[in-house]
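A.B. asks:
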Amino acid sequence: MSTVATETGDITIRKCSGIEELEACVALQKEVWNFDDVDLVPLRMFIVSQKIGGQTIGAFHGGELVGFAFSIPGSRAGHAYLHSHMLAVRDSFRNHGLGRKLKLAQREDAIQHGIELLEWTFDPLEIKNAHLNLSRLGAIARRYSINHYGHSSSPLQGGLPTDRLVAEWWLKSRRVVNLLEKKQPPQFHVEKRIEVPAQIYAWKSSPDDRQKAADLQKRNREQFLSAFPNGLVALGYERDAQDNGAFLLGRWDEQWSYASKDED
Ligand SMILES: CC(C)(COP(=O)(O)OP(=O)(O)OC[C@H]1O[C@@H](n2cnc3c(N)ncnc32)[C@H](O)[C@@H]1OP(=O)(O)O)[C@@H](O)C(=O)NCCC(=O)NCCS
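Residue numbering for the sequence shown follows my numbering, starting at 18 and increasing by one per position.
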């Protein structure tokens, strides 16, 4: 599908095929999240997803899988969409644009299959992911889920409740097309900022500082939960030179929605 040049050579982005490549995704999942086996998405689920309209797209360095994006089909209010459950890049291959390229390949494939929405959840304390999702891909967030998965065995979670924002990536929206195809970042009036200090990574990984991370999570959770019902949407993300982050909330001037009363 596409190729990304890195210091360690070219990486090819393409759909995974065959059981061995899907097994490599399970192994990379284990490596990246360091989950207990009980939390792993098993091989069988990757196989099922491929058969029912999901996507498993890999990043290959030579023959070796170094990243993947995995999604499963969903339906809301009568509309088919894709839920992207995992995006992973091997540590030593990060920050070369592979995560972004994997998402762009998901978008391209989804559009070819008549899909206009890709969704996924992400931890609002992860500054890097928020930047990638909102600023680089043009996703928006206007739903917040408290302790979405219950307890997670992944050290990346730092033992905190698994709070998640839902990223909605409206593939053909003006916002996304302008950003990705015309390189025009969206313009909007910022009505609220929700801040995440760069120290969050250190706080999450140190038992002594974990309470600071928990306090921040609680404070930001309250801010999101009061902003979203008032029509505010996370439309942007700002990082400063020290890698502190801030969600930028405003009103979205487009109408894309598959909102359903059944959703919780
Ligand atoms: C999230 C992940 C897939 C991204 O992969 P990647 O190949 O490193 O992503 P990219 O290189 O395309 O983009 C990373 C962006 O984050 C930025 N970034 C890197 N570290 C950062 C930090 N500490 N704070 C803020 N931004 C950061 C990079 O500068 C880059 O932005 P840019 O393109 O504007 O320069 C990868 O980090 C990963 O596997 N993480 C663990 C699993 C995970 O969290 N998955 C996603 C949730 S399901």
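For glycine and all other residues, C-beta sits at the position ideal for the given N, C-alpha and C.
If you're wondering where the values come from, they're calculated on a predicted model, not measured in any experiment.
Please classify residue 144: is it buried, with 16 or more other beta-carbons within 10 angstroms of its beta-carbon, or exposed?
C.D. replies: buried
A.B. asks: Going by DSSP, what residues sit across from residue 169 in a beta bridge?
C.D. replies: Per DSSP, none; premise fails for residue 169.
A.B. asks: Note down the Cα distance separating residue 177 from residue 166, rounded to an integer number of angstroms.
C.D. replies: 11 Å
A.B. asks: Of all the options 77, 87 and 38, which has the alpha carbon lying nearest to the alpha carbon of residue 58?
C.D. replies: 87
A.B. asks: Would you list the one or two residues that DSSP bridges to residue 90?
C.D. replies: 99.
A.B. asks: Start and end of the alpha helix (DSSP H) containing residue 50?
C.D. replies: 35–50
A.B. asks: Whose CA, out of 139, 251, 174 and 207, lies closest to the CA of residue 220?
C.D. replies: Measuring C-alpha to C-alpha distances from residue 220 to each of 139, 251, 174 and 207 identifies 174 as the nearest.
A.B. asks: Would residue 338 and residue 142 be called neighbours here (beta carbons separated by less than 8 Å)?
C.D. replies: The structure shown does not extend to residue 338, since the chain is modelled only from 18 through 281, so no value can be given for it.
A.B. asks: Among the candidates 199, 172 and 34, whose CA atom is the shortest distance from the CA of residue 223?
C.D. replies: 172
A.B. asks: Would DSSP call residue 128 helix, strand or coil?
C.D. replies: helix
A.B. asks: Measuring CB to CB, does residue 184 end up less than 8 Å from residue 150?
C.D. replies: yes
A.B. asks: Threshold first: 4 residues or longer. Then list the alpha helix (DSSP H) segments lying entirely within the stretch 153–217, N to C.
C.D. replies: Complete alpha helix (DSSP H) runs here, min 4: 191–198.
A.B. asks: Specify, as a first and last residue, the run of the alpha helix (DSSP H) that residue 232 falls within.
C.D. replies: 227–244
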